[in-house]
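Comments concern the structure below.
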Amino acid sequence: MAGLERSRSTRPGLLNRLATFLGIKKKEAQILFVGLDNSGKSTLINFLKPDSYKRQEVVPTIGYSVEQFTAGRISFTVFDMSGQGKSRPLWEHYYRDAHAVVFVLDSTDRLRMEVAREELNNLLLHADVSTRKVPILFLANKMDCKDALGPIQVSVDMCLHEINLHSWHICATNAVTGEGVEEGILWLTEQIKHRL
Amino acid sequence: MATPVVSTDLQDSFTATSEQVENSPSKNITDASDFWINAYQDPVAGIKTSSSCMALEDLNGDGENKLIIADVGTTPFDMRLKVYKGTSLLANMQLINLPSGLCTFFVDTNEPMTPAIAVASGPYVYVYKNLRPYFKFTLPSLDINPTEAQYWKQAKEEKLELLSFREMLEELQATDTEIPLTSRSLKLLQCLPEELEVFFNMYKHSPLKRQTVITCIDTIKKTHNEEKAISCIVIGSEHREIFILDPEAFTALARVYLPSVPVLLYTTGVYEVDYKVYVSCRDGNIYLVKGGSKIAKICIQTGSHAVGIEKQGKNILVGAMDDSLSCYTSRGKKLWTIQLPSSITTMEAIEIKSKGIKGVILGLKSGEIRLYRDKLLVNKLMLPEFAIGMKFGRFGREDSTLVLITGSGKLSIKMLKRTANLETRIVGDTLKSITPGKLNLPKKTKLYTEQAIRERENSIPIFQTFHRDLELIKLYITREYAKAIGSRLAPISVTTENIKLSAQVQGLGPGFKLSVSVQNASNIAVTGLLITFIYNPTIYGMTINAIPIPFLVPSINYTYEATVECLSDTGVTEAIRVVITKDSVSIPLLTALITMPVSLGMLIV
Ligand SMILES: Nc1nc2c(ncn2[C@@H]2O[C@H](COP(=O)(O)OP(=O)(O)OP(=O)(O)O)[C@@H](O)[C@H]2O)c(=O)[nH]1
Ligand SMILES: [Mg+2]
């Protein structure tokens, strides 16, 4: 399958810590990364990966790619979806099995904020999402850029306050340095722990 | 892996709660009018432009398309070249002349590959690279009317009074249409008498030039058809010429004259292989300039004026000023026409490669935006005011973006929803006045229709030719009649003496007998008539040359006889003329021609 990628790791990384938090053993947690192309999903996942598996350069994802980590005795499956227009119809096939969704936003791309909102709407209205509670983590990425919108502005533009079925959280991040990522992952951990 | 496997235990672990019903799936059905995402709006952008002055292109090679607009400006002399990166203005450069068109193209293959912008403005093409001026191409200047040049020279040398100079120019403009006046002279003619001197002194020292202006601009790939291949600029000018410019040397590779002023261009193909330039001209016709050909051939007669031309597959779509969208074959045959509810302000092609969709978007005067696939109306959108400029394509990182500039200078950016259904026709859209496509006609019917079409198209010349011939026949008849009457050749006289004459020849020859019967058809007796025979004396000989008729009683048939001897033995014949005259009147009353038979007797003997 195109873009399929597996990397196994025994080294403790941030996801490893997440597993410890969860206190779950021999379980699988699936996390779905979505967001428009160029928003920084792959860069984020690359940051989350254990050091030795980090890639030097992140290229635009084609189709999707799967990253699998074994942290302790827990296996994490992260689906890194391509955000390109033609690949977006793929996303919905992965909603059903996802324990959590990470929605990455390019906070410098004002032009496409409405497009991101449209995609979020499609996600929220999908039967596999609208019929159950899925924690959604919004990451207002590229916070280091000078023309970046703040997380509050992003949540207003994205009408996040209209989401009342699912629990959600937004934080500003820099996927390259990892700034702000930890806060988000910690929130996500809490959410999954509640639900599993 | 791509298709989710229904696993029961997972479903159990996410058992639906009562809140789920809130977002009912029925909302999933997208409204047909709701195809577009309103991505951005700037009501005070203050842009005045047209579709031909807009482009979407990745100028820096960063994967993000910029919006390039040559803005005419809302106030005079405020022409600008604007480049939008997303919602922010990346560049805002002053333009010296009014822009008439804009396009982006690659001038070289140097890395990093960045396209150049060409702005047509006045007689110049300004080329920008990396948002900096790169080259300026000037159209060659035209011949100046020698008389005009002389007037300017005399005025400069103060041999001419300014006011009379102006008058002479005026006169020249009215009489000599061969070479029009220079724009400077035209401007001078517009000056008020008090402004005249200032204007004249300002320009008198600079040399007189007559320059044409560029009316339209487009590009064509030079050697091969690839997205980032080098392109040539194609320009149309006010003096009815098409230029194809080399992208490196900026010299004219080809020049083609047109019968009218070009206003719109549509190019296809590759310059060095085979190319076609469709040129819509001010005479309402669309001409075709083909690679290797020095002449422009007429391709489509729109019967109106084209607002936009787009090629779709093999066919050509033309939006025209008579509020219609028509489809023609590449040979200029009309396939169908759609009548629109309002006039077209702008037209733009759309292509969504991922969905394999091609069509056109029309901006209408009523503020409506209509999306047609072939002749099917698939989407309608109502704007508060009409669009003056429109571009569809990739903007930023989003494909299928529609950039609109409206009448009041508003910039609005709409993106086609991924879920938009452009497959079905809008309900309620009736296809008005569609001419049927190609029918397989029998040969005779085809001949008949062709004939009918020809007659319809050429009705005036056909009638004129017919009328001329008819008049000629009438004239000929009248002339012959007049001649007959003039020489009294008719068998019945038309004067007061109404006399009938008939003559007969009897015999085999060489001796013949002529019997001439004369009848007075009136009821008064006629006196003093004389029958005279006129003949060629070398062929015939007669015993009596004249027979006097002293008195002719009405309605009695008199027969007179005369013998004729044929003198010639060669078998030649000649007619003998019988003339009836009255007393001293010099014009004969009647004339009869007697055709003589060949003298058989001579041959027998
Ligand atoms: N300055 C800055 N650049 C970032 C940040 N995150 C990602 N980028 C850059 O954005 C570009 C796109 O990042 P990707 O991770 O490929 O984006 P993606 O969401 O995976 O894109 P697709 O795979 O096409 O859907 C890369 O050049 C990254 O270096 C950030 O926080 N700050
Ligand atoms: Mg990616």
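Protein sequence lines correspond, in order, to chains A and B.
Taken in order, the first sequence gives residues 1 to 196; the numbers are from the UniProt record's numbering.
Taken in order, the second sequence gives residues 1 to 605; the numbers are from the UniProt record's numbering.
No residue lacks a Cβ here, since even glycine has one placed at the ideal position from N, Cα and C.
Is the Cβ of residue i closer than 8 Å to any Cβ of chain A?
i, result
"B:Ala-39", "yes"
"B:Lys-417", "yes"
"B:Ser-354", "yes"
"B:Gly-86", "yes"
"B:Asp-31", "For B:Asp-31, the predicted structure reports a pLDDT of 43, less than 50, and the residue's modelled location is therefore unreliable. A value from the coordinates is still provided. Closer than 8 Å: no."
"B:Thr-435", "Low per-residue confidence applies at B:Thr-435: pLDDT is 49, beneath 50, and the placement is therefore not dependable, though the value from the model is reported in the following sentence. No - not a single Cβ of chain A is within 8 Å of the one on B:Thr-435."
Starting from the Cα of residue i, find the closest Cα among the options and give me that residue.
i, options, result
"B:Gln-173", "B:Leu-188, B:Leu-160, B:Ser-412", "B:Leu-188"
"B:Met-79", "B:Trp-336, B:Ser-52, B:Glu-64, B:Ser-121", "B:Ser-121"
"A:Met-158", "A:Leu-123, A:Gly-180, A:Lys-49", "A:Leu-123"
"B:Leu-325", "B:Gln-464, B:Asp-218, B:Leu-317", "B:Leu-317"
"B:Ile-338", "B:Lys-159, B:Glu-455, B:Leu-377, B:Gly-356", "B:Leu-377"
"B:Val-270", "B:Asp-283, B:Asp-246, B:Phe-250, B:Ser-260", "B:Asp-246"
"B:Lys-500", "B:Val-516, B:Lys-333, B:Tyr-476, B:Leu-402", "B:Val-516"
"B:Gly-528", "B:Tyr-535, B:Phe-165, B:Asn-520", "B:Asn-520"
"B:Gly-511", "B:Asp-569, B:Arg-454, B:Pro-207, B:Phe-463", "B:Asp-569"
"A:Thr-77", "A:Gly-83, A:Trp-91, A:Ser-87, A:Asp-97", "A:Asp-97"
"B:Leu-422", "B:Glu-471, B:Arg-370, B:Ser-502, B:Ile-460", "B:Arg-370"
"B:Ser-343", "B:Ser-304, B:Tyr-328, B:Lys-334", "B:Ser-304"
"B:Gly-319", "B:Thr-302, B:Leu-472, B:Arg-479, B:Leu-335", "B:Thr-302"
"B:Tyr-151", "B:Leu-472, B:Leu-169, B:Ser-280, B:Tyr-134", "B:Leu-169"
Determine the chain B residues that contact residue i at a beta-carbon separation under 8 Å, and present them in chain order.
i, result
"A:Val-115", "Ile-37, Ala-39, Glu-398, Met-415"
"A:Asp-109", "Gly-86, Gly-396, Arg-397"
"A:Gly-85", "Ser-354, Glu-398, Asp-399, Ser-400, Arg-418"
"A:Arg-55", "None at all; the shortest Cβ gap to chain B is about 19 Å."
Indicate whether residue i and residue j have their beta-carbon atoms separated by less than 8 Å.
i, j, result
"B:Ile-594", "B:Pro-588", "no"
"B:Leu-552", "B:Val-526", "yes"
"B:Pro-550", "B:Ser-522", "no"
"A:Asn-141", "A:Gly-40", "yes"
"B:Asn-65", "B:Asp-58", "yes"
"B:Thr-223", "B:Ile-217", "no"
"B:Met-390", "B:Glu-351", "no"
"B:Val-256", "B:Ala-296", "yes"
"B:Ile-244", "B:Leu-253", "yes"
"A:Lys-133", "A:His-166", "yes"
"B:Ile-144", "B:Thr-182", "yes"
"A:Arg-88", "B:Arg-418", "yes"
"A:Val-156", "A:Met-81", "no"
"B:Gly-86", "B:Gly-409", "no"
Run down chain A in chain order and give the residues with a C-beta less than 7 Å from the C-beta of residue i.
i, result
"B:Gly-393", "Those do not exist, as B:Gly-393 stays about 13 Å from chain A at its closest Cβ, beyond 7 Å."
Against residue i, what residues of chain B qualify as contacts under a CB-to-CB distance less than 7 Å, listed in chain order?
i, result
"A:Asn-38", "Arg-397"
So which residues on chain B does residue i lean against when the C-beta distance must stay under 9 Å?
i, result
"A:Gly-35", "Per Cβ cutoff of 9 Å: no residues; A:Gly-35 is ~12 Å from chain B at best."
"A:Arg-88", "Arg-418"
Does the beta carbon of residue i sit closer than 8 Å to a beta carbon anywhere in chain B?
i, result
"A:Leu-188", "no"
"A:Glu-118", "yes"
"A:Asn-122", "yes"
"A:Ser-7", "Note on A:Ser-7: pLDDT 44, under 50, position unreliable in the model; the coordinate value appears next. Not one chain B Cβ lies under 8 Å of A:Ser-7."
Consider the Cβ of residue i: report whether some Cβ of chain C lies at a distance smaller than 8 Å.
i, result
"A:Glu-190", "The structure shown has no chain C; the protein chains it does contain are A and B."
Sufficient close CB pairs (3 or more, under 8 Å) joining the stretch 83-92 of chain B to the stretch 188-208 of chain B: No: the two stretches stay apart, fewer than three of their Cβ pairs being nearer than 8 Å.
For the stretch 501-516 of chain B and the stretch 557-571 of chain B, state whether three or more C-beta atom pairs, one from each stretch, are separated by less than 8 Å. They touch, by the three-pair rule.
Does the stretch 207-214 of chain B come close enough to the stretch 132-152 of chain B to have 3 or more Cβ pairs within less than 8 Å? Output reads yes: the stretch 132-152 of chain B touches the stretch 207-214 of chain B.
Below 8 Å, can you find three or more Cβ-Cβ pairs linking the stretch 365-381 of chain B to the stretch 38-51 of chain B? No, they do not touch.
Sufficient close CB pairs (3 or more, under 8 Å) joining the stretch 171-181 of chain A to the stretch 47-60 of chain A: In this structure the stretch 171-181 of chain A lies against the stretch 47-60 of chain A, because at least three pairs of beta carbons, one per stretch, are closer than 8 Å.
Evaluate contact between the stretch 261-276 of chain B and the stretch 118-132 of chain B, counting only Cβ atoms and requiring at least three cross-stretch pairs below 8 Å. No: the two stretches stay apart, fewer than three of their Cβ pairs being nearer than 8 Å.
Say whether the stretch 145-155 of chain A touches the stretch 106-122 of chain A, bearing in mind that this needs 3 or more beta-carbon pairs closer than 8 Å, one atom from each stretch. Using a C-beta cut-off of 8 Å, the stretch 145-155 of chain A makes contact with the stretch 106-122 of chain A, since at least three inter-stretch Cβ pairs fall below that distance.
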